[in-house]
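Chemist: Residue numbers (this note's numbering): 31 to 168.
No residue lacks a Cβ here, since even glycine has one placed at the ideal position from N, Cα and C.
Quick caveat, the model's predicted, so the values are computed rather than measured.
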């Protein structure tokens, strides 16, 4: 059998003292550093995910605002086009009315001038007829 002597007990005590010292001065600080690193990584991951969610929300909000601005611009453009078409239509109507008025006035002037010329021509015809008649009768 094995005999237990003082060397075995001293080695046993030194091993336990070494284990205790290693645990206290090496393993515990390393474990604390690992836990701290893990917590920092978890915090960074949470912050990154939060920033990602905020960025996605911001992008969505900006896209929504951009879509709304495009719709407003389109509505404004359509309103301006409709207004321009209305103004064009009114201008064309005014021009047509002015054209018709000028045509009617020109026709009236032509009719009046024609009547005056007919009257002058009739007077000249009568004068010529009278002269011809006098010459023939003389």
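1) Under a three-way DSSP split, which group does residue 34 fall into?
2) By the DSSP assignment, the alpha helix (DSSP H) with residue 53 in it spans what residues?
3) Between residue 153 and residue 146, what straight-line distance do the alpha-carbon atoms span, to the nearest angstrom?
Modeler: Taking the geometry as given:
1) For the purposes of this step, residue 34 is identified with residue 4 of the chain shown, where counting begins at 1. Here residue 34 sits in coil by DSSP.
2) Position 23 of the chain shown, counting from 1, holds the residue named residue 53. Per DSSP, residue 53 belongs to no alpha helix (DSSP H) and is neither H nor E.
3) What you label residue 153 is simply residue 123 of the chain shown in a count that begins at 1. What you label residue 146 is simply residue 116 of the chain shown in a count that begins at 1. Their Cα atoms are separated by approximately 10 Å.
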